[in-house]
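Heads up: the sequence shown runs through residues 6 to 368, numbered per the numbering used here.
C-beta atoms are modelled at their ideal positions from N, C-alpha and C, and glycine is treated no differently.
Being a predicted model, the structure only gives us computed values, none of them experimental.
One structure below.
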Amino acid sequence: MRSLRVKLIAFIALLLVVLGLVITVLVYTQMRNEIVRGVDNELGGTSKGYSALVSSWYKSKVGVVIAANPLVGTPDPRQTLARLSQAGGFDMTYIGTAEHVMIRSDMKPQPQGYDPVARPWYQQAAASGNPGVSDPYVDFDTKKLVVTFVSPVKDGSALKAVVGGDIFIDDLVKTVLSVKLRGNGYAFLVDKGGKVIAHPDASLTLKPLSEKVPELTADRLGKLAADTTMQEVSIGGESKLIEVQPVEGTNWLLGVVTDESVVTGPLNTLLLTVVGIGALCVVILIPVASLLLSRMLAGLGRLRNAMLEISQGEGDLTRRIQVTGQDEIAETATAFNRFIGQLQKMFIAVKEEAERVTGGWRA
């Protein structure tokens with residue numbers, strides 16, 4: 006009897022544990038998908054938003070340089086260049102002609118021996134034939150990060166001059182570094198060659214990002230930018246989530262990084278909560294199930310005791326089992342009572358017949 010109760014309790018406990026595991030797996034999987042989707046949307050929205058901001062900044066500066074194209078060939082464009090330089094936030098704007106003449110917005114004369122045609126910004130514009138921006142470099146005088154925006158001016162198919170403008174990008178760097186994300190997240194700006202333009206670690210400026218994160222080579226960054234979905238990388242031995250977006254109109258890439266803990270943290274908390282609730286339910290339900298089973302099987306216990314008394318040869322055939330309920334145990338008890346009643350009648354009849362025979366023999 007006790008063994009049956011224990012087996013039933015063990016079976017119920019097993020069912021509760023299996024059910025709890027199934028529910029935990031389903032809840033964990035669903036919540037993980039939702040959290041991953043939310044973090045992906047956050048990283049994607051942030052990277053796209055700031056990428057668009059950098060692209061807008063780039064286009065506005067290129068627009069100013071292009072606006073200076075009509076000044077090529079005018080008698081003295083320096084004052085107009087100065088106004089454009091001030092309006093566009095440039096440190097200086099200038100025109101370098103194919104005749105090796107340099108016209109500057111700061112009104113300073115062309116330095117002796119200086120040939121604009123030999124400068125990288127001029128050659129870049131001549132090679133591409135389109136407006137663009139140079140790779141960042143550190144200004145010799147200010148030690149600040151500078152880029153040069155250029156716009157070629159052609160006379161037919163021949164290059165007539167190149168309009169250029171130098172601008173400090175420390176404000177752009179500050180804008181990128183101001184990005185805040187969950188889990189100590191941050192943003193960075195690199196060119197397509199993997200060279201760092203803006204990064205929280207200032208020592209990486211103008212160095213390959215792969216020096217800090219070997220996994221983030223130029224090729225890998227290009228693939229991340231083409232994929233534009235959240236990926237997992239290892240940075241400093243820690244698992245991070247990263248998303249990279251190309252900056253329209255430039256050869257720059259903007260990336261955002263956050264700790265993987267923004268996903269695993271809530272999931273671990275959820276897992277502990279679900280497991281704790283499940284364990285508490287098992288602890289509460291097992292005693293309740295034990296009590297209910299004891300009451301449900303009480304009739305079976307009485308039936309067992311009655312049959313044990315009869316089997317030992319000392320059975321009281323006048324004894325009846327109290328019947329409660331209408332389940333199978335109650336039906337068995339009723340059948341047992343009926344059987345004992347019939348057995349009692351049979352023994353009484355046998356006794357009476359024996360007494361009658363004995364009485365007749367004595368007579």
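Query: By the three-class DSSP mapping on this structure, what secondary structure does V102 have?; Result: What sits at residue 102 in the sequence shown is Thr, not Val. Strand at T102.
Query: Note down the Cα distance separating G93 from S65, rounded to an integer number of angstroms.; Result: 8 Å
Query: Measuring CB to CB, does V70 end up less than 8 Å from S133?; Result: no
Query: Thinking L259 and S56 are a contact (beta carbons under 8 Å), I'd like their distance in whole angstroms, please.; Result: 5 Å
Query: Looking at C-alpha atoms only, which residue of G161, S139, E104, T233 is the closest neighbour of K200?; Result: S139
Query: From the DSSP output, read off the bridge partner residues of I108.; Result: I100
Query: Leaving out the 5 sequence neighbours to the left and right, which residues in its chain are closer than 6 Å to P121 when beta-carbon positions are compared?; Result: G101, M107, Y127
Query: Check the DSSP bridge columns for A166 and list the partner residues they point to.; Result: T102, V158
Query: What did DSSP end up calling L194 once you bin it into helix, strand or coil?; Result: strand
Query: Taking Cβ to Cβ, would you say V238 is nearer than 8 Å to K245?; Result: yes
Query: Once DSSP output is grouped into helix, strand and coil, what is the label at F344?; Result: helix
Query: Taking the straight line between their C-alpha atoms, what separation do you get for N189 and N38?; Result: 22 Å
Query: Where does the unbroken beta strand (DSSP E) through F245 begin, and where does it stop?; Result: Reading the sequence as shown, one finds Lys at residue 245 and not Phe. K245 -> beta strand (DSSP E) spans 243–251.
Query: According to DSSP, is Y119 helix, strand or coil?; Result: coil
Query: When we look at the beta-carbon of S52 and count the other beta-carbons within 10 Å, is it buried (16 or more) or exposed?; Result: buried
Query: Using 8 Å as the cut-off, can you tell me whether the stretch 169–179 makes contact with the stretch 144–154, which would need three or more C-beta pairs spanning the two stretches below that distance?; Result: yes
Query: Are the stretch 276–283 and the stretch 299–310 touching, with three or more C-beta to C-beta distances below 8 Å?; Result: no
Query: Spatial neighbours of I384 within its chain, please: CB distance less than 8 Å, with the 5 preceding and 5 following residues excluded, ordered by chain position.; Result: Residue 384 lies beyond the residue range present for the chain, which begins at 6 and ends at 368; the question has no answer from this structure.
Query: Report the CB separation of V267 from Y191 in whole angstroms; it is logged as a contact under 8 Å.; Result: With a Cβ gap of about 13 Å, V267 and Y191 do not count as contacting.
Query: On a CA-only basis, which of D96, S295, I247 is nearest V151? Give me that one, please.; Result: D96
Query: Three-state secondary structure (DSSP) at I174?; Result: coil
Query: Report buried or exposed for Q35, applying the criterion of at least 16 other Cβ atoms within 10 angstroms of its Cβ.; Result: exposed
Query: I need the straight-line Cα distance from V218 to V293, nearest angstrom please.; Result: 57 Å
Query: I need the DSSP call for P136, collapsed to helix, strand or coil.; Result: coil
Query: Which same chain residues end up closer than 7 Å to L24 when comparing Cβ atoms and leaving out the 5 residues on each side of it in sequence?; Result: none
Query: Along the chain, which unbroken stretches of the beta strand (DSSP E) at least 3 residues long are found entirely within the stretch 255–307?; Result: 257–264
Query: Give the range of the beta strand (DSSP E) segment to which S239 is assigned.; Result: 236–240
Query: Beta strand (DSSP E) containing A231: first to last residue?; Result: Per DSSP, A231 belongs to no beta strand (DSSP E); it is in the alpha helix (DSSP H), 223–232.
Query: So for V152, helix, strand or coil by DSSP?; Result: strand
Query: Could you tell me how far apart the beta carbons of A103 and L164 are, in whole angstroms, since I believe they sit closer than 8 Å?; Result: 6 Å
Query: Just curious, the alpha helix (DSSP H) that A203 is in, first and last residue?; Result: Premise fails: A203 lies in the beta strand (DSSP E), 201–203, not in any alpha helix (DSSP H).
Query: DSSP state of V143, grouped into three classes?; Result: strand
Query: What residues in its chain sit with their C-beta under 8 Å from that of R10, if we drop five residues either side in the sequence?; Result: S295, L298, S299, L302
Query: Sort G198, A203, G169 by Cα distance to V181 and report the nearest one.; Result: A203
Query: DSSP state of V114, grouped into three classes?; Result: Residue identity differs from the one stated: residue 114 is Pro in this sequence, not Val. The answer is coil: DSSP assigns P114 none of H, G, I, E or B.
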